[in-house]
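Below you'll find the structure, written out as structure tokens, and then a few comments.
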């Protein structure tokens, strides 16, 4: 036992971060420290730096400085950390950036205004003052409200696409204006048959006339299309607008396509006391994924991103699942 373990216990109690029944003690310590780093990053937003606003660099440096202090107090966590501590700071910044925790202006960041969402007796909070008592799951803050008289409704503050997956696919594939594709170069086609562990794209079309997705181009300059193939192997396409596909947003349609075809893998989960181990069979759209990442811990802190396997507080997990099921996502408990 580390002589400073009482400090970890105090932090965990303050943020209601429970240890899993079978979870190794050092894994739990690392989760507690990760959540604390998030709070310290938020605290950095309120620093008065010669009357100026907090910079991105200042926030990341605060994370690294605090982590350096805690790794000295708890040397047993050193084996859990990335070789470059800045990688962990980059991950925390990236999650906060994509979930609206702060406003981003050139080289400066400012806290988001106070807002909340009410889901399944959980109040998901954002922009609350640091002195207000809140629970933490991963990096995300929340409060439990078992009183059903609490007058609140779901506001979608994280800007999720709540359209049912089947309806989403039908919206984009009905009344399409097709043009024949004539292009020289490599074409990647959305993989429609599991397993999906070998990647989401293949170099061969599905060849059966069903509508799916293809993309052409290199790295960040890819163009995405709906496509179908006729009996003579001619491809007909309809280009998709940039906003629906950029920054991995194509997964919104990819998930919808696989769901419509009946092959979208379920998300599996396993309870361990008050925590839940979550494993994605297929990555959801970025807005959904970042909500999960905000309210969960990675299963490993050694390298990032760590998107497929997460750990979540039980109550928060059950609240988010309610949102995901409304879209059509399937969740299966591991036995």
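In our numbering, the protein residues as written are 16 to 350.
Glycine is no exception: its CB is placed at the ideal position from the N, C-alpha and C atoms.
- How far does the alpha helix (DSSP H) with residue 301 in it reach, from first residue to last? Per DSSP, the unbroken alpha helix (DSSP H) holding residue 301 starts and ends at 301–309.
- How close, in whole Å, do the beta carbons of residue 123 and residue 70 come, if the pair is a contact with beta carbons under 8 angstroms? The beta-carbon distance between residue 123 and residue 70, rounded to whole angstroms, is 6 angstroms. This is short enough to meet the 8 angstroms contact definition.
- Item | Endpoints, alpha helix (DSSP H) assigned at residue 266 | 265–276
- Query: Taking the continuous beta strand (DSSP E) assigned at residue 159, which residues delimit it?
  - Reply: 155–159
- Query: Thinking C-alpha only, which one of 206, 337, 348 and 307 is nearest residue 114?
  - Reply: Out of 206, 337, 348 and 307, the CA that lies nearest to the CA of residue 114 is found in 307.
- Message: Suppose contacts are defined by Cβ-Cβ distances below 8 angstroms. Is residue 299 in contact with residue 266 by that definition?
- Response: yes
- Message: Here's the rule I'm using: 16 or more other beta-carbon atoms within 10 Å means buried, otherwise exposed. How should residue 19 be labelled?
- Response: Around the beta carbon of residue 19, a 10 Å sphere encloses fewer than 16 other beta carbons of the protein chains shown; the residue is thus reported as exposed.
- Own chain partners of residue 313 with C-beta closer than 6 angstroms, once the 5 adjacent residues on each side are dropped: Result list for residue 313: 321, in chain order.
- Leaving out five residues before and five after residue 202 in sequence, what residues of the same chain have Cβ atoms less than 7 angstroms from its Cβ? For residue 202, where only same-chain residues beyond five positions count, the Cβ hits under 7 angstroms are 229 and 231.
- Message: If the criterion is Cβ atoms closer than 8 angstroms, does the pair residue 59 and residue 73 meet it?
- Response: In this structure, residue 73 lies closer than 8 angstroms to residue 59 by Cβ.
- Measuring CA to CA, which of 238, 273, 33 and 90 is closest to residue 183? That would be 273, whose Cα lies nearest to the Cα of residue 183.
- Item | Any 3 or more C-beta pairs closer than 8 angstroms across the segment 275–283 and the segment 169–177 | no
- Query: Is residue 81 helix, strand or coil by DSSP?
  - Reply: helix
- How would you label residue 186, buried or exposed, when you count the other beta carbons within 10 angstroms and need 16 or more for buried? exposed
- Task: Would you kindly work out how many angstroms separate the C-alpha atoms of residue 350 and residue 301, rounded to a whole number?
- Result: 29 angstroms
- Message: Need the endpoints of the beta strand (DSSP E) that residue 279 sits in, please.
- Response: Per DSSP, residue 279 belongs to no beta strand (DSSP E) and is neither H nor E.
- Item | Local Cβ density within 10 Å of residue 37, reported as buried at 16 or more and exposed below that | exposed
- Message: Taking its Cβ as the centre, do 16 or more other Cβ atoms sit within 10 Å of residue 221, making it buried, or is it exposed?
- Response: Only buried fits residue 221, as 16 or more other CB atoms lie within 10 angstroms of its CB.
- Ends of the beta strand (DSSP E) at residue 240? 238–244
- Alpha carbon to alpha carbon, what distance is there between residue 129 and residue 239? 37 angstroms
- Throw me the rounded Cβ distance for the residue 214 and residue 206 pair, which I believe falls under 8 angstroms. Between residue 206 and residue 214 the Cβ distance is about 7 angstroms, and since that is below 8 angstroms, they are a contact.
- Endpoints, alpha helix (DSSP H) assigned at residue 26: 20–30
- Query: Buried or exposed: residue 194, going by 16 or more other Cβ atoms within 10 Å of its Cβ?
  - Reply: Answer is exposed; the Cβ neighbour count stays below 16.
- For residue 321, the three-state DSSP class (helix, strand or coil): The three-state reading of DSSP puts residue 321 in coil, since its state is none of H, G, I, E or B.
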